[in-house]
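Heads up, the sequence shown is in the working numbering, so the first residue is 77 and it goes up one at a time.
In this text, a Cβ means the ideal position worked out from N, Cα and C, and glycines have one as well.
Here is the structure we will look at.
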Amino acid sequence: MRPLFCLLMIFTLLAPSAAQWFWAGVVSDQARADVMPPPENHFWLTSTVAGADHRPSITAVAFDQTIPGLALAAEDTVRGRLWRSTDHGVHWSLLPGFQSSDLRYSYKVAYGALPETFYAYSPARVFKTSDAGETWTELPYETSNCAYLMTLVAHPLTPTILFAGANYAFARSLDGGQTWDATPPQPGYPGSCLNDIYASAIAVGVDRPNVIYVGQNWNSGGVLKSTDLGESWQAVNTGLPTSNDFNDTLVKQVVVDPRDADVAYALMNRSHQVYRTTNGGAQWQPVTQGAE
């Protein structure tokens, strides 16, 4: 069997309001949005996508942590189409209220840590909704000052704190996305958002809200960790792959256990191997069960 992470985009999620429902978007020629109901049924259901002229290829999905069943999904198209579900992803409908004039990029979505609050972002633009996608407001994210955006995360306990990851940048906003600054700042870079961190994935602790893990998709790859909300960083790569070929060390995704910030997972870019740490990154071990 091929590893599940080879087949699915890396946003396979546990729906928070239905603890035994999973959602997966498959990226292939037969892309589709699927859900798995509680395990006593043990099968996958293909979602119903209302108003779609094709089976959408999904780049990201975000569940509202406070409203059971509410989720937004972003389609892999430069038309910037977003979809909404209110039943844990079983049925989806197009959100006509989201319209982007920038047709260069597709969008992703992220939960905003407040009811009905989500962000939609492309490499160059960031939008916010506070009414589950009915209306949207653009935030002042400038690529002339910040690098092209790869990931966006709202702090799970302090929603006005946002983290942006990009090539040459880990940027933080303390005012809900109105201003952005690199943490730590890097002298010599042309924009205040830029530093020498290549943040392709960001995970924030809940039980210890100052803990952040960053997966790097360039530079030396690997995982960086901060224990002071991004003010300083240290590499925590013991046990992760080492290689003269940097493609072997790049990290595609990181996830932190909300119950214990010492427990985190890292997905490697080339091998699709999942690694786990239980001591805050001091040592990583490959996950050999449950990842296929």
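Span separating the alpha-carbon of residue i from that of residue j
| i | j | result |
| --- | --- | --- |
| Thr-193 | Val-350 | 30 Å |
| Ser-182 | Val-332 | 27 Å |
| Ile-143 | Pro-191 | 7 Å |
| Val-280 | Ala-200 | 23 Å |
| Leu-233 | Arg-284 | 10 Å |
| Thr-205 | Ser-319 | 42 Å |
| Phe-139 | Tyr-187 | 6 Å |
| Lys-328 | Pro-172 | 31 Å |
| Asp-321 | Thr-135 | 27 Å |
| Ala-275 | Ser-176 | 25 Å |
| Val-330 | Phe-246 | 15 Å |
| Leu-225 | Asn-293 | 13 Å |
| Arg-17 | Pro-334 | Nothing in the structure corresponds to residue 17, since the chain is present only between 77 and 368. |
| Glu-210 | Thr-325 | 41 Å |
| Thr-255 | Asn-345 | 31 Å |
| Pro-260 | Gly-357 | 20 Å |
| Gly-253 | Gln-141 | 21 Å |
| Glu-214 | Leu-305 | 25 Å |
| Tyr-195 | Val-202 | 7 Å |
| His-231 | His-167 | 28 Å |
| Asp-257 | Tyr-289 | 18 Å |
| Ala-150 | His-164 | 15 Å |
| Val-287 | Asp-336 | 10 Å |
| Phe-174 | Pro-317 | 41 Å |
| Ser-198 | Ala-223 | 12 Å |
| Glu-218 | Ala-340 | 31 Å |
| Phe-119 | Gly-156 | Interpretation of Phe-119 is limited by its pLDDT of 38, a score under 50 that renders its predicted location unreliable; no figure is taken from the coordinates. |
| Val-185 | Gly-297 | 24 Å |
| Pro-362 | Leu-148 | 32 Å |
Those residues which DSSP pairs with residue i across a bridge
| i | result |
| --- | --- |
| Ile-134 | Glu-151 |
| Ser-161 | Ala-147 |
| Leu-300 | Val-290 and Ala-311 |
| Pro-216 | Note: Pro-216 sits in no beta bridge, so no partner. |
| Gln-359 | Gln-359 is not bridged to any residue. |
| Phe-139 | Ala-147 |
| Asp-257 | Arg-248 |
For residue i, the first and last residue of its enclosing beta strand (DSSP E)
| i | result |
| --- | --- |
| Leu-228 | 225-230 |
| Phe-239 | 238-242 |
| Ser-276 | 275-280 |
| Gly-291 | 288-292 |
| Tyr-197 | 194-197 |
| Asp-207 | Taken as a continuous stretch (DSSP letters only), Asp-207 belongs to no beta strand (DSSP E), as it is neither H nor E. |
| Gln-329 | 327-333 |
| Arg-352 | 350-353 |
| Phe-322 | Careful: Phe-322 lies outside any beta strand (DSSP E) and carries neither H nor E. |
| Asp-338 | 336-344 |
| Tyr-187 | 184-187 |
| Arg-248 | 245-249 |
Cβ-based neighbour list, residue i, same chain, cut-off 6 Å, excluding 5 preceding and 5 following
| i | result |
| --- | --- |
| Phe-239 | Val-229, Arg-248 and Ile-278 |
| Trp-309 | Leu-300 and Ser-302 |
| Asn-295 | Tyr-274 |
| Val-312 | Val-299, Lys-301 and Gly-357 |
| Trp-212 | Phe-174, Phe-203 and Thr-205 |
| Val-282 | Pro-232 and Pro-334 |
| Ala-242 | Ala-223, Tyr-224, Leu-225 and Met-226 |
| Asn-323 | Arg-346 |
Same chain only: Cβ atoms within 7 Å of residue i, ignoring 5 sequence neighbours per side
| i | result |
| --- | --- |
| Ala-208 | Leu-146, Arg-160 and Glu-192 |
| Gly-291 | Ser-276, Ala-277, Val-299, Val-327, Lys-328, Gln-329, Val-330 and Ala-342 |
| Pro-216 | Gln-254 |
| Asp-251 | Thr-236 |
Same chain, Cβ closer than 8 Å to residue i, neighbours up to 5 away in sequence not counted
| i | result |
| --- | --- |
| Asn-355 | Asp-338 |
| Gln-359 | Thr-314, Gly-315 and Thr-353 |
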